[in-house]
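Structure first, then comments.
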Amino acid sequence: MKSPTIQLEPSQQVLLGLTAAGLGFVLSVRFIYLPVRARIGERRAMLTDLKVKIADAHAFAQRLPGEEHALLLARERYDVLEGRIGRGQSVARVLELLSAQAKDHRLELVAIHPRMEEGEQDVMTLGPDLALREIPLRLQLTGPYRQLGAFVGELSSAPFLAAVQELQMTKPQADRAELKADLLLAVYLTERSPAR
């Protein structure tokens, strides 16, 4: 039994292609961009709130008599910060976690390129002895649309603090259902300032 075929004129083919591209764009915005943007906003708000709380704790410690109390409070602030974004995380550990997460979602992790030059890292000082170092990572992932969306969505619950700065999806081969995602991820790790 022969399956029926539909013959489309070239103008209909162009219109169908534009409709499919528009629908793909709308779905990408709705199910990837907007949720990721909301999560990034939540993380930024959390960092701002945490910075205010640490500054308040530092001001309180300044009013307490004795250096011992100030050191104790500084250590407590550092423990709170590490507890919120992951104690003792390193770039190598974050890369391991990202690789495992990609594998869990049946994604091919094509490449991870950490950009470790000093000039490209931003440090956010949260107190006299606390800082967050921003480490940009470029990821290239290949896989189905839903798995890519789930991977990006789960970054907000990862045991490290990360924010998606750029996300670009392309379809390398027209005959395959897989997409290629280029992702620029900012990972924030705690560190002690040299003065400590």
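All residue numbers in the sequence shown are consecutive under our numbering, ending with 1097. Beta carbons are placed, not taken as given, at the ideal position from N, Cα and C, and that holds for glycine.
Per-residue burial, residue i [other beta carbons within 10 Å of its own, 16 or more giving buried]
i, result
"I1036", "buried"
"Q908", "exposed"
"Q913", "exposed"
"R945", "exposed"
"L924", "exposed"
"A1075", "exposed"
"A1096", "Below a pLDDT of 50, predicted positions are generally treated as unreliable, and A1096, at 47, falls in that range; no measurement from the model is reported."
"L916", "exposed"
"E910", "exposed"
"G1050", "buried"
"L928", "exposed"
"L951", "buried"
"A975", "buried"
"P905", "exposed"
Residue nearest to residue i in terms of C-alpha spacing, selected from the options
i, options, result
"Y1089", "A1059, E977, G923, S929", "A1059"
"V992", "A1075, R1039, G1054", "R1039"
"L1056", "L1033, L916, R938", "R938"
"A1103", "A956, E910, T906, S904", "Nothing about residue 1103 can be read from this structure; the chain reaches only from 902 to 1097."
"F1061", "T1091, D950, A1075, L917", "T1091"
"S1042", "A1087, K1004, Q990, L924", "Before going on, a small fix: residue 1042 reads as Leu here, not Ser. The option with the nearest alpha carbon to L1042 is K1004."
"A922", "K1072, A1082, G1050", "K1072"
"L1008", "G942, E1079, E977", "E1079"
"F1052", "Q1074, K903, L973, A1082", "A1082"
"L1010", "P905, F926, T920, L1084", "L1084"
"H1006", "G1054, T906, D980", "G1054"
"A958", "L919, R1077, D980, R994", "D980"
"Q990", "T906, T949, R1034", "R1034"
"L1086", "I941, K954, T906", "I941"
For residue i, the first and last residue of its enclosing alpha helix (DSSP H)
i, result
"S1051", "It should be pointed out that residue 1051 corresponds to Ala in this sequence rather than to Ser. Taken as a continuous stretch (DSSP letters only), the alpha helix (DSSP H) holding A1051 covers 1046-1054."
"T920", "911-929"
"L996", "992-1005"
Beta strand (DSSP E) segment containing residue i, residue limits
i, result
"T1071", "1062-1071"
Hey, is the segment 995-1006 in contact with the segment 1065-1083, meaning 3+ C-beta pairs nearer than 8 Å? no
Is the number of C-beta pairs between the segment 1043-1059 and the segment 933-942 that are closer than 8 Å three or more? yes
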